[in-house]
Structures are given as structure tokens and as C-alpha cells.
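Asker: I'd like to ask some things about the structure below.
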Amino acid sequence: MTRGEDKRLFLGLLLALGLVLGVLGAGVWLGPRWFSGAETLFLTAFGAVFGAAALVALAGIGVVCYAIVFERDLPGTKRLRGLIVKGAFPILIVLGRLVGVSKERLERSFIAVNNQLVLRSGQRARPGRLLILLPHCLQVDSCGVRITGDIHNCRGCGKCPIAGLVAIGDRYGVSLSVATGGTVARRTIVEARPDLIVAVACERDLASGIQDAYPLPVYGILNRRPEGPCRNTLVDLGEVERAVEFLLAGRAAGRQAAGTA
């Protein structure tokens, strides 16, 4: 459910960050050799601490890259996602800007990497503990029905993806909520207290939402914007359903058992 071409950009910048850390670590470690006197002791101690931190960061980057490239299930995947979400991504935004990578492209790549780690974490949810979080812009702008309070107010006219999303929610017994912004989305998460979230939004909102919700796992699905941002957007219903089915406890195991019977 994640595309390799999206993940390569994030991994490339992550490796570049590792290279920068390695060079800085080597420089700080070797620097005291060029000095003499009292400052040497301080620089040696500083170099040892910085070098050790750089080695730990490099090891973490190496493990993350291995897990993503080879799609391996590794112990501590949740911690790896924390390293990506809270540690590496904010730094890579700055690094990407320096080398001319647009923030939107990097956000898209970050979402793909996050999704793989969420899927590989092994965490699953019961239907009542999985939340599908949707942006209001999926509703066609000519519709006068208010769905932000209750998405089941949708009349099912078929002019936008909402009816299909309601059907997915009913079929799998999962909750759906429509948010008009980040503040409402955060309040919804606090009130619903889900174990897992499948969120639909644009690159910016998904990336910030994944960071805000951490350590709660969020699987992000990008919307399509044929009329521009925040207006009559679309989403692949099949992708939403596949994500929900995979993340529900027992669904994947049930399919595998049926396939081998």
C-alpha cells in the first residue's frame, strides 16, 4: 500500500543526514588533536560525547533504512517510527530546503515511510477502536447537508466520496469523523480515544497530523485535488478499504487462513 518511488526521496535525505553527522562526528573527534593545553581536555570530552551521539544516530538511521528498503519486521518498530516522526523529519525539512526539495514532495515521502512502519508495527485494532478521520473538503461544495456533526446525515447522492466512505465504515463497524481543521481533528482524537487512525488529507495536513498524534499510529491516505486545494477533493475508496481491512484485528489473519484452507 506504499509506493517505493515515494519512499526513496526520504531515504536519500536520511542517508545524506547520516553522512553529515558522520563527517561532523569525525571532525569533532579529531579536532582536539590540533590543539594543545587546557582546552584539549574539554574538546576531547566534547568530541567523545558528540561522537557517541553521532554513532547512535547513524546506527538508528541504518536500521531505519534497512527496515524500509527490505520491508522487514524488526523489534522496536514503534521506536523507529518515533525516530522518524519526531527526530528525523523536522531536520530533513531543513535539509530538503537547502538542496531544493519541495516541502510537499518530502511530506509525501514521509507519509509513505510512516505508513510502512505503521503496517509493519503489528499493531491492530478492534472495529470500535479504529477511527477514519476525514477532511470536510471531500463533501461536494454544493451540498447543503451538515455532516461535520454526524457523517451519517449524508443522503448518499453519490456526488462525492462521502457516501462510499460511510458504506466502508458501516461494513467494517468502524467510526468515521469529518474535521474542518487541525483543532477539530485533535479534539476528535482526544474524545474518540482510538487505537489506530486512518486519515485522509493533503500532504501538509497529514504530515502535521501524524506528528501531532504520535505515539498514536496514523495511516495516511492522500486526497486528490482536481479543483485545487480544499475544494471538492476526492479519495481512492479502495485504498481506504484496504487500509481499514489490514489494520483491523483478525482481518488479515482470517484472509490468510482462508487462502491456505
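Okay, so the sequence shown: first residue is 2 according to the working numbering, each after it adds one.
Glycine residues also receive a C-beta, built at the ideal position from the N, C-alpha and C atoms.
1. Tell me the rounded alpha-carbon separation between Gln212 and Gly26.
2. Would you say the stretch 96-103 touches the stretch 155-168, given that touching needs at least three Cβ pairs under 8 Å?
3. How long is the line joining the alpha carbons of Leu20 and Gly182, rounded to whole angstroms?
4. For a test of the three-state rule: what should DSSP assign to Ala164, helix, strand or coil?
5. Using only the alpha-carbon positions, how far apart do Val119 and Lys8 sit?
6. Determine the burial state of Tyr220: buried for a count of at least 16 other Cβ atoms within 10 Å of its Cβ, exposed for fewer.
7. Based on DSSP bridge pairs, tell me the residues matched to Ile198.
8. Are at least three pairs of beta-carbons, each pair with one atom in the stretch 160-176 and one in the stretch 132-149, less than 8 Å apart?
9. Rounded to whole angstroms, what's the CA-CA distance from Arg188 to Leu107? Just pull it up for me.
10. The beta strand (DSSP E) that contains Val179, what's its start and end?
11. Threshold first: 3 residues or longer. Then list the beta strand (DSSP E) segments lying entirely within the stretch 104-151, N to C.
12. With a threshold of 16 other CB atoms inside 10 Å of the CB of Phe71, please say whether the residue is buried or exposed.
13. For Arg187, which beta-bridge partners are listed by DSSP?
14. Just curious, the alpha helix (DSSP H) that Gly97 is in, first and last residue?
15. Identify which residue in Leu131, Arg98, Pro227, Tyr173 has its Cα closest to the Cα of Pro195.
16. Report the CB separation of Pro128 from Gly174 in whole angstroms; it is logged as a contact under 8 Å.
17. I'd like the list of long-range same chain contacts for Ala17, defined as Cβ closer than 7 Å, with 5 residues on each side in sequence excluded.
18. Less than 8 Å between C-beta atoms, sequence neighbours within five positions excluded: which residues of the same chain meet that for Ile85?
19. Within the same chain, show all residues whose beta-carbon is closer than 8 Å to that of Ala273, passing over the 5 residues directly before and after it, in chain order.
20. Check this for me: beta carbons of Ile290 and Ala208, under 8 Å apart or not?
21. So what does DSSP say about Arg225, is it helix, strand or coil?
22. Between which residues of its own chain and Asn224 is the CB-CB distance below 8 Å, once the five residues before and five after are set aside?
23. Looking at C-alpha atoms only, which residue of Ala180, Tyr67, Ala55 is the closest neighbour of Leu12?
24. Got a sec, what are the start and stop residues for the alpha helix (DSSP H) Arg243 sits in?
25. Judging by CA-CA distance, which residue of Lys79, Arg205, Gly170, Ala186 is the nearest neighbour of Glu246?
26. Could you give the DSSP three-state label for Gly63: helix, strand or coil?
Answerer: Checking against the coordinates, here is how it stands:
1. One C-alpha to the other measures close to 28 Å.
2. With a cut-off of 8 Å, the stretch 155-168 and the stretch 96-103 do not count as touching, because too few Cβ pairs lie within range.
3. Cα-Cα distance, rounded: 38 Å.
4. helix
5. 14 Å
6. buried
7. Leu132, Val219
8. yes
9. 27 Å
10. 176-180 is the extent of the beta strand (DSSP E) around Val179.
11. 131-136
12. exposed
13. DSSP, once it has assigned bridges, lists no residue as partnering Arg187.
14. First-last of the alpha helix (DSSP H) with Gly97: 90-99.
15. Leu131
16. 4 Å
17. Leu96
18. Val65, Phe111, Val114, Asn115, Leu118
19. Only positions 2 to 262 of the chain appear in this structure, which leaves residue 273 out of reach.
20. What the structure shows of the chain is the stretch from 2 to 262, and residue 290 is not part of that stretch, so it cannot be assessed.
21. strand
22. Pro136, Cys138, Leu139, Val201, Ala202, Cys203, Thr234, Leu235, Val236
23. Tyr67
24. Element bounds for Arg243: 238-248.
25. The residue from Lys79, Arg205, Gly170, Ala186 with its alpha-carbon nearest to that of Glu246 is Gly170.
26. helix
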